[in-house]
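Inspection log for the structure reproduced underneath, given as structure tokens.
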Amino acid sequence: SSGPAKVDLSFSHIHAYADAVSDLEEYKRWEEALNRLLSSRNHVGRSRLDERGGELDVGGLSGVWDKQCSDGEAGRVPTSAFGDGKDIFSPQNRDLVLQLVAGLGFRVTGLRDSKNIGGGSEIRTNTRSFLVTTRDPSGVQILVTAVDENVEGIKDEYLHFEATNVRRFLSHHRGYQGIAVLAFEVISGSINDIHRSYKEMHPKLIPAEYAKGPRAYKISEIDSHDITEVLEIYAYYKGEKLISDADLGTRLRFVQRKGGKNEKGCVLPGIKAVKAEFDTISQAAYCDHWVSNVVSRTGFLDTLEDTLGFVPKVDFNAGVVAAGEAQIESTVTGNNSKFLTTEREQALRDQSQVYLPINNALSEVGHVHGFLKEIGQGIQHVASRVDDLPLFVQNGNDMRCITGEGFTFLRIPRSYYGVLTKEMLIQGAPDRKSGEYSSSLLSPPCAACILYLLIGSGLSSPEGAIALSCSREDAESVLDKNIPAEHKKEFESKKKHVLNVIFHSVYTNLYNLLGDRLTEKEYRAIVRNMILVDVQGQDLLLQIFTCNILQREPGQEAPFLEFIQRVCGNGQGSKKHGNNHQMPLKPGCGGFGIRNFLTLFLSIEVSKAMLEASQAKEIGDDDKYFIAQAMVKVFTDQLNESNPILTHISDAMTEEGEAESYMEGAQAR
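The working numbering numbers the first residue of the sequence shown as 10 and each following residue consecutively.
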């Protein structure tokens, strides 16, 4: 038959190619030391964050960790893992496997490495590969492979682990490490149908070694029907579809298990399972979406529709995604999963809804343009879902501080969440029940005085960002001691309300968006960990982005990771359309962060400008420093002005989706 392949797909794994990996023994020493560190003897287990953070005793655990390191329990640790050096974290030249293990609670659960044979079976390979997963083996699966330069004259029987793949990717990726393969499991239908559809419509994208079809690998010596088939396809054309040649960098991989037991974990043949124990605080993570930066967005969209039947789900046009002069377009495409559930846990775990956002640059400035120019087409980032994002990030930040290993996260300007202004002190805070503001709180002179005192004491930045370490007692003490006599009576009579305004300012923008859907503690946890928030109707989306991974030098373009939490609404349909019955939780609830799409790109530009400012300050280049500081201000101002507009757009998209669902239901009746 012609047309797209008739298959059902789900996320399987991503495959990164790195300069080097370590030995299994070292990773396992780290895992054992981390598990021992986080045993019940050393910390109070926490389930949710309190107002000042979590219950991990970072200072105490740092001491325990340093002792374990000095005793050699954690194996060879980086020098930054000792003492004050842990405060100076550099994301460059890190071991991605170790970052995931120490920073986010992943564990090595599989390998393909001739150095770690064991079990009497010899592994003949010219690469070294480690599979890292979270506590649910069917969730996020990340393979990291490096060429074994000490091996000569050996070819791997499993084509997908061949060193030639790594060398090919690097040579067509400007020599940069990166995420080289996006892998999908074929749940139903035939992998051969995928090969057929590419052969008919996009034959240039089929690598020579798969020209005759998928490769079959025997999984069991006992059961001849227990085989797994693997097919790899080049993801992109160099330019326009059909006209240009295949881009020989990034690939799509399809894997189908035929016969045998349907076991959890990675289905890719050639991986030897490794026993792993997880710590007491880590969370499972599940694939949500994988993002490409490409030359021809429409070409990639058309190719995926021609071959896999993927269709566009969401469009972000240039009017939405622009940071200064940097403009991009982005489209989220994907399959039409048949999975439906009303159970929150099942919605978290399901990976049958594939989403692939695709970006292209419209201007010759900005992150996407820089990525394409410096690296070429490729995977910008991969996003994974967790159950409790604020806790996940707090743990990640704590473990980095304790061990000196892991990840930092993209810094978001405090103005995204809220800052204290004189006008807020004059107007007052909204009533949490009615949402209405009092007519007035303080006189302008008194309000200005209080803001001046908070800034002067260091409890607030000059921009009005209240220090997250500041308690109500701290603020009250400073104001009680320093308020001038002419304002004392007014302040004393309104003290409780003034303090409410001061601490409400920390998250005032979020509150205007979400109201009482979150508690003050939850709001503060989001601000503390610089988490992005978006809302569509009754659904929430929480997002955060890590520092670059697989990066050799500061300032180089490189991929990164995203972690999200989707908070699907209460399961009730929109009353506007008369749907009061419980409805299935829809995949991708909360959307893809239309407000945060802009925030992400603005924050990337802000981070670059901040780096330029610090570099200019170091060399004493005042002109360059002031230009970089001005760039930070421009991007931050754009962020502040765009928030309400993007909220309206997001709400309109939600209403459109609800109306379409209602119309489809009416037509069905």
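Glycine is no exception: its CB is placed at the ideal position from the N, C-alpha and C atoms. On a predicted model such as this, the values are computed, not experimentally measured, just so you know.
With a 10 Å radius around the Cβ and a threshold of 16 neighbouring Cβ atoms, Arg137 comes out buried.
Cys296 sits in a strand when the DSSP states are folded into three classes. Using a C-beta cut-off of 8 Å, the stretch 496-508 makes no contact with the stretch 370-388, since fewer than three inter-stretch Cβ pairs fall below that distance. Around the Cβ of Ile475, a 10 Å sphere holds 16 or more other Cβ atoms; the residue is buried. Under DSSP, Arg183 takes part in no beta bridge, so it has no partner. In the structure shown, the three-state DSSP call for Ala668 is helix. By the Cβ-count criterion, Asn159 is exposed, with fewer than 16 other Cβ atoms from all chains shown falling within 10 Å of its own Cβ.
Annotation for Glu432: the continuous alpha helix (DSSP H) segment containing it runs 431-436. Contact between the stretch 360-367 and the stretch 342-351 is present, with at least three C-beta pairs closer than 8 Å.
Under the DSSP assignment, Ile492 falls outside any beta strand (DSSP E); it carries neither an H nor an E label.
Looking at Val276, Ala370, Pro212, the one whose alpha-carbon comes closest to that of Asp315 is Pro212. The Cβ atoms of Leu152 and Val117 do not sit closer than 8 Å to each other.
Cβ contact annotation for His24 (same chain, cutoff 6 Å, sequence separation greater than five): Leu152, Ala189, Val190, in chain order. Under the three-state reduction of DSSP, Ser301 is assigned to strand. Per DSSP, Glu166 is not a residue of any beta strand (DSSP E), being assigned neither H nor E. Contact check for Ala356 and Leu594: beta-carbon distance about 4 Å, within the 8 Å limit, so the pair qualifies.
For Gly387, the pairing in a beta bridge is given by DSSP as Asn302. Thr173 and Ser31 have their C-alpha atoms roughly 20 Å apart. Judged by DSSP secondary structure, Tyr520 falls within the alpha helix (DSSP H) whose first and last residues are 517-523. Looking at the backbone, the Cα of Gly198 and that of Lys76 are separated by about 55 Å. Excluding residues up to 5 positions away in sequence, Gly379, Phe380, Glu383, Ile384 lie with their Cβ nearer than 7 Å to the Cβ of Glu566 in the same chain. For His211, there is no enclosing alpha helix (DSSP H), as DSSP marks it with neither H nor E.
Listed in chain order, the non-local C-beta contacts of Tyr426 below 7 Å within the same chain comprise Val515, Tyr516, Asn518, Leu519, Val536, local neighbours out to five positions each way being set aside. Non-local beta-carbon contacts of Gln101 in its own chain, meaning distances under 7 Å to residues more than five positions away in sequence, involve Gln560, Arg561, Glu562, Pro563 in chain order. Its Cα nearest to that of Val544, the residue Gln574 stands out among Asn538, Thr555, Gln574, Glu529. Arg260 is not a Cβ neighbour of Glu238, given a cutoff of 8 Å. Of the residues Ser452, Arg133, Cys78, the one whose Cα lies closest to the Cα of Gly162 is Arg133. Comparing C-alpha distances from His496 to each of Val487, Asp157, Leu451, Glu482 shows the shortest one belongs to Leu451. Cβ-Cβ distances below 7 Å link Ser253 to Tyr246, Lys247 in the same chain, with the five nearest sequence neighbours on each side left out; the list follows chain order. Around the beta-carbon of Ala370, 16 or more other beta-carbon atoms lie within 10 Å, marking it buried. Counted as a single uninterrupted DSSP element, the beta strand (DSSP E) harbouring Tyr243 occupies residues 236-243. Contact check for Ile540 against Pro399 passes: the beta carbons are separated by less than 8 Å. Straight through space, the alpha carbons of Ser469 and Gly258 are spaced by roughly 48 Å. In the three-state reduction of the DSSP assignment, Ala285 falls in the coil class. The three-state secondary structure of Asn369, taken from DSSP, is strand.
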